[in-house]
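Number of protein chains: 2
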Amino acid sequence: MSRTSRRRAVLEHPAPEEIDLFDVLHALSDPTRMTIVRTLSTEPERACGTFPVDVAPSTLSHHFKVLREAGLIHQREEANRRLTTLRAAELDERFPGMLTAVLGAYERSPGAR
Amino acid sequence: MSRTSRRRAVLEHPAPEEIDLFDVLHALSDPTRMTIVRTLSTEPERACGTFPVDVAPSTLSHHFKVLREAGLIHQREEANRRLTTLRAAELDERFPGMLTAVLGAYERSPGAR
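Going line by line, the protein sequences match chains A and B. Per our numbering, residue 424 is the first one in the first sequence, and the count goes up by one each step. Per our numbering, residue 424 is the first one in the second sequence, and the count goes up by one each step.
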């Protein structure tokens, strides 16, 4: 397949009302995914290869997929980059205060620093 | 083995400082375990067979084990009953506000009612 005809993967995101609490909690129950979420919590948007995590690209890709399908992050493609944002406002509307409380708990965890 | 010499399973509980955030989040990422936690959140202590969940005893036993090892519940044996309590105060000391926020999120979920 030529470079120009290569189709990009369709990035599916759940609508806010489809976000499932158990999917969110599962997504947050992994240290790498939590690091991604915490990193995004203080930034507007970030390119995929620039997160402070030490995992193989395929593993990182899986973690982004879990986070995206759970409704925690939004991803879009721009030129040759995939840009990621935290869906903080939507999550806070659906589950008020929860993400903030979980991130606060993470700050108190030994592995957070 | 005679009834009187039957040894009870040792119920191990992590110390408060050993409670791991990712274990807690994983434990809460299941509907049956969430139901157990929510039920306990409004009661001081409850016998194992009396929770409003519809799963096989062996499955229920597994869920209690996950919750206990994560540090969410405490279990003790008394006569022929195993009694369970939520470690709400210890959890709140370790991760302030988190369990309350997660339970609040659950109340807003479609499956909660």
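Where a beta carbon is used, it is the ideal one built from N, C-alpha and C, also for glycine.
Between the CA atoms of residue 455 of chain A and residue 439 of chain A - distance to the nearest angstrom: To locate residue 439 of chain A, count along the first sequence from 1; it is residue 16. To locate residue 455 of chain A, count along the first sequence from 1; it is residue 32. If you take the alpha carbons of residue 439 of chain A and residue 455 of chain A, they lie about 24 Å apart.
Rounded C-alpha distance that separates residue 437 of chain A from residue 452 of chain A: The residue you call residue 437 of chain A lines up with position 14 of the first sequence. The residue you call residue 452 of chain A lines up with position 29 of the first sequence. When only Cα atoms are considered, residue 437 of chain A and residue 452 of chain A end up about 19 Å apart.
Are there 16 or more other CB atoms within 10 angstroms of the CB of residue 458 of chain B, so buried, or fewer, so exposed? Residue mapping note: residue 458 of chain B aligns to position 35 of the second sequence, counting from 1. Burial call: buried.
When we look at the beta-carbon of residue 522 of chain B and count the other beta-carbons within 10 Å, is it buried (16 or more) or exposed? What you label residue 522 of chain B is simply residue 99 of the second sequence in a count that begins at 1. It counts as buried.
How long is the line joining the alpha carbons of residue 464 of chain A and residue 507 of chain B, rounded to whole angstroms? Here residue 464 of chain A refers to the residue found at position 41 of the first sequence. Here residue 507 of chain B refers to the residue found at position 84 of the second sequence. In a straight line, the C-alpha of residue 464 of chain A is about 36 Å away from that of residue 507 of chain B.
Quick check: the segment 467-480 of chain B against the segment 502-519 of chain B, are there 3 or more CB pairs under 8 Å? Yes, the segment 467-480 of chain B is in contact with the segment 502-519 of chain B.
Between the alpha carbons of residue 528 of chain B and residue 495 of chain A, how many angstroms are there, rounded? Looking up residue 528 of chain B in the second sequence gives position 105. Looking up residue 495 of chain A in the first sequence gives position 72. Distance from the CA of residue 528 of chain B to the CA of residue 495 of chain A, rounded to the nearest whole angstrom, comes to 15 Å.
Listed from N- to C-terminal order along the chain, which residues in the segment 443-469 of chain A have their beta-carbon within a distance smaller than 7 Å of any beta-carbon of chain B? Shown in chain order are the members of the segment 443-469 of chain A whose Cβ falls below 7 Å from a Cβ of chain B: 444, 445, 448, 449, 451, 452, 453, 454.
Please name the residues in the segment 509-530 of chain B whose beta-carbon is closer than 8 Å to at least one beta-carbon of chain A, in chain order. Within the segment 509-530 of chain B, the residues whose Cβ lies closer than 8 Å to some Cβ of chain A are 517, 518, 519, 520, 521, 523, 524, 525, 527, 528, 529, listed in chain order.
Give me the chain B residues within the contact set of residue 532 of chain A, using Cβ-Cβ distance strictly less than 7 Å, ordered along the chain. Translated into positions along the first sequence, residue 532 of chain A becomes position 109. Contact of residue 532 of chain A with chain B by beta-carbon distance below 7 Å involves 444.
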